[in-house]
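Data block below; observations after.
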Amino acid sequence: MSEWWTYSLSDFLMFSSRSYYRLIESYSAAIWPAHLLALVAGLVVIVAIVRPRQHLQRSAALVLAAAWGWVAWAYQLERYAEINTAAPYFAAAFAVQALLLCWLAYRPGNAVPAPQPLALGLSGLAILAYPLLALARDGGTWRQAEVFGIVPDPTVVATLSVLLAWRAPAIFWLIPVSWCLVSGATLMELKIGHAWLLPALALTAVLARIMVSKKPRDFNSTANPRS
Amino acid sequence: MSPISPSRRRLLESLIAAMGSLALPSLYAATPPAPLLTRPIPSSGEQLPVIGLGSWITFNVGRDPQGRRESVDVMRQFFAGGGRLVDSSPMYGSAQDVIGEAVQALKPARLFAADKVWVSGGARGVAQVEASRKLWRVPRFDLLQVHNLLSWEEHLPLLLAMKREGRLRYVGITTSEGRRHAEIEKIMASQPIDFVQISYNALDRDVEQRILPLARERKIGVIVNRPFRQGDLTQALAGKPLPGWAADIGCTTWAQALLKFIVSHPAVTCAIPATSSVAHVRENLLAGTGRMPDEALRKRIVQDVERLA
Chain A
10 MSEWWTYSLS
20 DFLMFSSRSY
30 YRLIESYSAA
40 IWPAHLLALV
50 AGLVVIVAIV
60 RPRQHLQRSA
70 ALVLAAAWGW
80 VAWAYQLERY
90 AEINTAAPYF
100 AAAFAVQALL
110 LCWLAYRPGN
120 AVPAPQPLAL
130 GLSGLAILAY
140 PLLALARDGG
150 TWRQAEVFGI
160 VPDPTVVATL
170 SVLLAWRAPA
180 IFWLIPVSWC
190 LVSGATLMEL
200 KIGHAWLLPA
210 LALTAVLARI
220 MVSKKPRDFN
230 STANPRS
Chain B
282 MSPISPSRRR
292 LLESLIAAMG
302 SLALPSLYAA
312 TPPAPLLTRP
322 IPSSGEQLPV
332 IGLGSWITFN
342 VGRDPQGRRE
352 SVDVMRQFFA
362 GGGRLVDSSP
372 MYGSAQDVIG
382 EAVQALKPAR
392 LFAADKVWVS
402 GGARGVAQVE
412 ASRKLWRVPR
422 FDLLQVHNLL
432 SWEEHLPLLL
442 AMKREGRLRY
452 VGITTSEGRR
462 HAEIEKIMAS
472 QPIDFVQISY
482 NALDRDVEQR
492 ILPLARERKI
502 GVIVNRPFRQ
512 GDLTQALAGK
522 PLPGWAADIG
532 CTTWAQALLK
542 FIVSHPAVTC
552 AIPATSSVAH
562 VRENLLAGTG
572 RMPDEALRKR
582 IVQDVERLA
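Chains as they are written, first to last, in our numbering: chain A, 10 to 236; chain B, 282 to 590.
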């Protein structure tokens, strides 16, 4: 693309907020009541942060991997691609992150750090509070609720919470943080009131991760080697 | 370029549209709209209504049945009001297919199908044009344009060959938001194109300096995109009272005044506002009727828009 510096974010936005939320609404209607299953799976993530045991950590990582895989196929590729020509690339990135999370579940030498209030807050926000944002938006209805494991944004926030809680290395953060920037920019161009939220949560999680990396780990206080 | 002139057929179409409006609210039923004005395409003399229909964002509704129904309604109103030129691109997501669905349902008698080639490499252009044609459900395109000059050196010979073979009626190039104007000028001066598509409105007037005069000199039709800066301009003017001159040229909204400013430029063939609202289509079409601003009033419009927007 020549003269790329002359392009603004709005030049890349190819759909309206109405089309965007209608897409979420019709997709949600098509897969209901999968949302209930997704919420139950999301609780595994919260429990894994509250009780940092290795088997829970592994389960949570696999739940997240399944969520990223599902969103890659069912949302990005099957739905979002209808209105966004970049969606197949997003689908590929989400599939890669699903594989990374599988690796996170089984990679040797996984540590089980202490629970973190911020990580817990982020996971609660992603899984329990995020669906309510639809009601706070002008013209939004519960049918457009964004649910963990069903659509990208809450899935990514829940993943950030886990990456923070387990002090995951940078490679696991790359795609989730990139998505927060892409989605935040999209919502900003759509003039959605909470457009700032996703980038702000990503920034908070990244800063917290940098800060905890400077502290020495204390595995003895919480690790459960028998689990 | 010859002055704006209503054709007899346009008059009949507008009368039919006016009859159809009897079922609509009294605002529209009370006074039948004047005929939609037309301008000749410089290279052929064929008359084209000064208001067309864009599809960027508005028709990209995916598989949403409600969004598709609304898009068909918009196109129905557009054709009923005398509109002809519909513009799209492979870059616009599902818009081509949505237009094709409406074309299949409405079977417009005088559709002027304008699409674009938007792919790197000339060889892939042929396949893309054919894929677009199938989505539009038309036997052939009236106008094909090289979108944002992407691989224009390869696409333009292909499109000109299609025109020579009678598989296409007109060839053009496009840009938006004032990009690559120097290259646009070079192509306008050296290639036998029929149309150039550019962004132009009361605030973005760079094209008045060189491109619009060159279009007149080279007998190239001008299609104007982003007449409202993708809605930002009408939004900025929302709630601001219309100046007194608006009534003199039959405008009841800022959108109409902005459109009249554009299509009253003698080099402009038509403007292509995009909308997903039937009411807005009606309003846009009305901007293509009645008295147009003269040069003095055009300056006044610019001053007022610059002051208020």
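Idealized CB from N, CA, C, for every residue including glycine.
Pairwise C-alpha distance: residue j and residue i
i	j	result
Ala-102 of chain A	Lys-467 of chain B	41 angstroms
Glu-610 of chain B	Gln-347 of chain B	This structure does not reach residue 610 of chain B, given that chain B is present from 282 up to 590, and the question cannot be answered.
Ser-132 of chain A	Tyr-36 of chain A	24 angstroms
Pro-554 of chain B	Leu-73 of chain A	44 angstroms
Ile-543 of chain B	Trp-205 of chain A	37 angstroms
Ser-17 of chain A	Val-191 of chain A	13 angstroms
Asp-378 of chain B	Lys-580 of chain B	40 angstroms
Lys-541 of chain B	Gly-571 of chain B	10 angstroms
Ala-519 of chain B	Ser-25 of chain A	19 angstroms
Arg-350 of chain B	Tyr-30 of chain A	17 angstroms
Gly-512 of chain B	Leu-539 of chain B	11 angstroms
Arg-398 of chain B	Leu-317 of chain B	With the sequence shown as reference, residue 398 of chain B is identified as Val, and Arg is not the correct amino acid for it. Roughly 29 angstroms between the two C-alpha positions.
Val-407 of chain B	Leu-440 of chain B	9 angstroms
Glu-435 of chain B	Lys-444 of chain B	15 angstroms
Trp-337 of chain B	Leu-589 of chain B	26 angstroms
Cys-551 of chain B	Phe-21 of chain A	25 angstroms
Arg-491 of chain B	Gln-106 of chain A	51 angstroms
Glu-155 of chain A	Leu-48 of chain A	11 angstroms
Thr-94 of chain A	Gly-525 of chain B	45 angstroms
Ala-211 of chain A	Leu-108 of chain A	21 angstroms
Val-241 of chain A	Met-356 of chain B	Nothing about residue 241 of chain A can be reported from this structure: the residues present for chain A run from 10 to 236 only.
Leu-199 of chain A	Ala-76 of chain A	25 angstroms
Arg-391 of chain B	Thr-556 of chain B	20 angstroms
Inter-residue CB distance, residue i and residue j (contact presumed, cutoff 8 angstroms)
i	j	result
Ser-401 of chain B	Ser-432 of chain B	5 angstroms
Leu-334 of chain B	Phe-359 of chain B	5 angstroms
Leu-113 of chain A	Ala-70 of chain A	5 angstroms
Asp-423 of chain B	Ala-395 of chain B	6 angstroms
Arg-448 of chain B	Arg-405 of chain B	Not really, about 18 angstroms apart at Cβ, beyond 8 angstroms.
Gln-537 of chain B	Asn-506 of chain B	Not a contact, Cβ separation roughly 18 angstroms.
Val-160 of chain A	Tyr-84 of chain A	6 angstroms
Trp-175 of chain A	Gln-66 of chain A	7 angstroms
Ile-322 of chain B	Asp-475 of chain B	7 angstroms
Ser-375 of chain B	Ile-92 of chain A	6 angstroms
Asp-485 of chain B	Ser-28 of chain A	About 26 angstroms; that fails the 8 angstroms criterion.
Beta-carbon proximity list for residue i, same chain, < 7 angstroms, skipping 5 on both sides
i	result
Arg-88 of chain A	Leu-32, Tyr-36
Thr-534 of chain B	Glu-564
Asp-487 of chain B	Gly-459, His-462
Gln-472 of chain B	Leu-437
Ala-386 of chain B	Val-353
Val-410 of chain B	Val-398, Leu-425
Pro-208 of chain A	Cys-189, Leu-190, Gly-193
Phe-181 of chain A	Leu-109, Leu-113, Leu-172
Ala-315 of chain B	Thr-570, Gly-571
Cβ neighbours of residue i in the same chain (closer than 8 angstroms, five flanking residues each side left out)
i	result
Leu-430 of chain B	Ile-454, Thr-455, Thr-456, Arg-461, Glu-464, Ile-465, Ile-468
Ser-307 of chain B	The predicted model places Ser-307 of chain B with a pLDDT of 42, which falls under 50 and marks its position as unreliable, so this point remains unresolved.
Leu-52 of chain A	Ile-136
Leu-495 of chain B	Glu-466, Met-469, Ala-470, Ile-501
Ala-39 of chain A	none
Ala-548 of chain B	Met-282, Leu-493, Pro-494, Ala-496, Arg-497, Val-503
Ala-145 of chain A	Gly-202, His-203
Asp-529 of chain B	Arg-572, Leu-578
Leu-86 of chain A	Ala-96, Pro-97, Ala-100
Phe-509 of chain B	Asn-482, Thr-515, Ala-536, Leu-539, Pro-554
Cβ-based neighbour list, residue i, same chain, cut-off 6 angstroms, excluding 5 preceding and 5 following
i	result
Val-586 of chain B	Ala-483
Ser-170 of chain A	Ala-128, Leu-131, Ser-132
Ala-90 of chain A	Ala-96, Pro-97
Val-419 of chain B	Ala-394
Glu-34 of chain A	Arg-152, Gln-153
Gly-149 of chain A	Ala-143
Tyr-139 of chain A	Glu-155, Pro-163
Under 8 angstroms (Cβ pairs) to chain A, residues found in the region 334-350 of chain B: Trp-337, Ile-338, Thr-339, Asn-341, Val-342, Gly-343, Arg-344, Asp-345, Gln-347, Gly-348
Cβ contact (3+ pairs, closer than 8 angstroms) linking the region 358-365 of chain B and the region 573-588 of chain B: no
Against chain A: residues of the region 486-520 of chain B by CB proximity under 8 angstroms: Gln-511
Residues, ordered as in the chain, of the region 154-172 of chain A that lie near chain B by beta-carbon distance below 9 angstroms: none
Contacting positions in the region 27-59 of chain A - beta carbon closer than 8 angstroms to chain B: Arg-27, Ser-28, Arg-31, Leu-32, Ser-35
Contacting positions in the region 72-101 of chain A - beta carbon closer than 8 angstroms to chain B: Arg-88, Glu-91, Ile-92, Asn-93, Thr-94
Interface residues of the region 362-374 of chain B facing chain A [CB-CB below 8 angstroms]: Met-372, Tyr-373, Gly-374
Under 7 angstroms (Cβ pairs) to chain A, residues found in the region 430-447 of chain B: none
Where the region 553-587 of chain B meets chain A: residues whose CB sits under 8 angstroms from a CB there: Ser-557
Chain A contacts made by the region 458-472 of chain B, where a contact means CB separation under 8 angstroms: Glu-458, Gly-459, Arg-460, Arg-461
Interfacial residues, the region 124-157 of chain A to chain B, with Cβ spacing under 9 angstroms: With the criterion set as a beta carbon lying under 9 angstroms from some beta carbon of chain B, the region 124-157 of chain A has no members that meet it.
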